[in-house]
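Peer 1: Going by the numbering used here, the final residue of the sequence shown carries number 467, and the count climbs one at a time with no gaps.
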Amino acid sequence: MQLLEDLFEAYYMARKHKRNTINQLRFEINLEQEIFSLCEDILGECYVIRPSICFIVDKPVKREIFAADFRDRVVHHLLYNYVNPVLEMSFSDDSYSCRKGRGTHFGIERAENYMRQCSENYTKDCYILKLDIQGYFMNINREIVLEMIEDLLEKHKAEYYAGKQEPDWAMVSKLLRQVVINDCTENCKIRGKLSDWEGLPPTKSMFHSPKNCGLPIGNLTSQLLSNVYLNGFDYFMKNTLNLKYYGRYVDDFFVVHPSKEYLKEIKEIIDDYLTKHLHLRLHPKKIYLQHYAKGVSLLGTYIKPNRIYINNRTKQNLYKTLKKTDRYLSGRLVEKADLYKVRASINSYLGILQHYNTYKLRKKMLLSENHLFLKFGFLSNKLKKYQIFKKHLRIQTDEQETFLNAFFCDYRDDGPGTANNN
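(1) Looking only at C-alpha atoms, which of Tyr57, Ile74, Leu334, Lys429 sits nearest to leucine 176?
(2) Take histidine 324 and list the residues in its own chain whose beta-carbon comes closer than 6 Å to its own, dropping the five residues that flank it on each side.
(3) With 16 other CB atoms within 10 Å as the buried threshold, where does methionine 183 fall?
(4) Among Lys368, Thr366, Ser342, which residue has its Cα nearest to the Cα of threonine 149?
(5) Rounded to whole angstroms, what's the CA-CA distance from cysteine 143 to alanine 112? Just pull it up for me.
(6) Based on the DSSP secondary-structure assignment, which residues constitute the bridge partners of arginine 352?
(7) Answer with buried or exposed for aspartate 346, where buried requires no fewer than 16 other C-beta atoms within 10 angstroms of its C-beta.
(8) For leucine 52 and leucine 123, which I take to be in contact (beta-carbon distance under 8 Å), what is that distance rounded to the nearest angstrom?
(9) By the 10 Å Cβ neighbour count, where 16 or more other Cβ atoms means buried, how is phenylalanine 299 classified, buried or exposed?
(10) Which residues mark the beginning and the end of the alpha helix (DSSP H) in which glutamine 162 is found?
(11) Under 8 Å by Cβ, that's how I've got threonine 359 and phenylalanine 418 pegged, so tell me the actual separation to the nearest angstrom.
(12) Helix, strand or coil: which one does DSSP assign to valine 273?
(13) Near valine 379, what residues of its chain come up, given a Cβ to Cβ distance below 8 Å and the 5 sequence neighbours on each side ignored?
(14) How far does the alpha helix (DSSP H) with leucine 343 in it extend, from its first residue to its last?
(15) Would you call the CB atoms of isoleucine 98 and aspartate 117 closer than 9 Å?
(16) Taking just the CA atoms, how far does isoleucine 433 sit from threonine 442?
(17) Going by CA-CA distance only, name the one from Ser304, Asn351, Tyr401, Phe278 that's closest to aspartate 316.
(18) Closer than 8 Å by C-beta to isoleucine 110: which residues in its own chain qualify, once you throw out the five before and the five after it? Chain order, please.
(19) From valine 273 to valine 225, what distance separates their C-alpha atoms?
(20) For glutamine 399, I'd like the list of residues in its chain whose CB is within less than 6 Å of its CB, leaving aside the five on either flank, ordered along the chain.
(21) Measure the C-alpha to C-alpha separation of glutamate 446 and tyrosine 280 and round it to an integer number of angstroms.
(22) Using the C-alpha atoms, what's the distance from isoleucine 67 back to cysteine 233?
(23) Could you check the C-alpha separation between tryptophan 214 and serine 413 for me, to the nearest Å?
(24) Among Lys104, Asn126, Leu269, Thr168, which one has its Cα closest to the Cα of asparagine 351?
(25) Please state whether DSSP places aspartate 170 in a helix, a strand or coil.
(26) What did DSSP end up calling cysteine 84 once you bin it into helix, strand or coil?
(27) Bridge partners of lysine 238, per DSSP?
(28) Confirm, please, whether the CB-CB distance from leucine 174 to isoleucine 332 is below 9 Å.
(29) Go ahead and pull the three-state DSSP assignment for alanine 3.
(30) DSSP three-state call for histidine 302: helix, strand or coil?
(31) Starting from the C-beta of serine 164, find all residues in its chain whose C-beta is less than 6 Å away, skip the five residues before and the five after it, and write them out in chain order.
(32) Would you identify the three-state DSSP class for aspartate 103, choosing helix, strand or coil?
(33) Smallest Cα separation from valine 119: which of Phe81, Asn158, Lys256?
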């Protein structure tokens, strides 16, 4: 059965980076039973979305997160696998959020190229306008975005699935409506204290969203739907306003143009469009308009002519991470699992820094102090990667290796039950 195979594939995608969560482990213990039960519920049209867990995170900024039940996450990945390839056919090249090959690094390079082109290799004046939508996720109208995604699927699905096995679109449509229209604040479970919400603006809380509005930050489907909601806006900016040098990442977008006065004029036009068509407003305190020589802060970097810096927040976070790592390794018997955590943490930052001219910064922050993690590993490839010394590497037993090979086997060749039965 195709749906059953698709659910197993969605499960393996959903569990990435979630292997140690209680929800995932509970689902994995009875994997076959859970998948078959979910398949029967979907086919029998009795699938019900379970309550989400709501909590507050403070980094990088204070946000309200709604975490869906793991069973529902599998459904989110199922829908994503069905509809995202179709929707990609309609998205603008200048939308950089959660898209394979068109993520943050692509957006940063695109912005730098736009500055260079508009200024004719930095020989003429041009200006950068950067704007932000106020309380974007909390004000997305669920009925409007559902209509948008259904229209795009109807327009492009035949073209994408030509010669391929199509999903049951009636089933997909029903699941989409359930997921999109679902109000995650109903019956949600609060994790933490009510005081955690102190200082969080009402525009950033689902509990204060207008009726039928708001998508939960944390769901895979919310990331996809946020691109759908502003897809028409992207074409309005590019085609109607004829803005050649435009780009957007979620609710942050920028325009590069030779005329400063023109950028001032279109700000009102943009705000009017967002209000009339999408019930959104520009953030009045997040308006940036400067000459290109002064640069622009974008996607964790600061772009200036001929050079790109990492912004101060990323530097501070790296410094705090290194200090936290030293405290974590200090005064304890260090096990292999500890080193894997340290390696993952350090390499996550090095993976970002290596894209830009940050060698001196990496050298200063990583080698200027006697960090404890350097006793267990070394920095390779011109300080681009942290590796653990071989004597500390984990050696799998034959039994562990057999289990892992069985668990990660290709269930579509060997049968969907192989992973669980072994």
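Glycine included, every Cβ here is placed at the ideal spot set by N, Cα and C.
No experiment lies behind these values; they were computed from the predicted model shown.
Peer 2: Considering the structure as presented:
(1) Leu334
(2) Asn186
(3) buried
(4) Ser342
(5) 18 Å
(6) Partner(s): Lys349.
(7) According to the sequence shown, residue 346 is threonine rather than aspartate. Counting Cβ neighbours within 10 Å, threonine 346 comes out buried, since at least 16 surround it.
(8) 6 Å
(9) buried
(10) 149–163
(11) 19 Å between Cβ atoms; not a contact.
(12) helix
(13) Same-chain partners within the cutoff: Phe421.
(14) Under the DSSP assignment, leucine 343 falls outside any alpha helix (DSSP H), being part of the beta strand (DSSP E) whose first and last residues are 341–343.
(15) no
(16) Summary for threonine 442: the model assigns pLDDT 41, below 50, so the residue's position carries little reliability; its value from the coordinates is reported in the next sentence. Rounded to the nearest angstrom, the two C-alpha atoms are 19 Å apart.
(17) Phe278
(18) Cys99, Phe100, Ile101, Val102, Pro261, Ile262, Gly263
(19) Roughly 12 Å separates the two Cα atoms.
(20) If the five residues before and after glutamine 399 are omitted, its C-beta is found closer than 6 Å to the C-beta atoms of Lys429, all from its own chain and listed in chain order.
(21) Bear in mind that a pLDDT of 47 at glutamate 446, under 50, signals an unreliable position, so the model cannot answer this.
(22) 17 Å
(23) 58 Å
(24) Thr168
(25) coil
(26) Residue state for cysteine 84 is assigned as helix, using DSSP reduced to three classes.
(27) Lysine 238 is not bridged to any residue.
(28) yes
(29) Missing from the structure shown is residue 3; the chain here goes from 46 to 467 and no further.
(30) strand
(31) Cys171, Tyr337
(32) coil
(33) Of the listed residues, the one whose Cα sits closest to valine 119 is Phe81.
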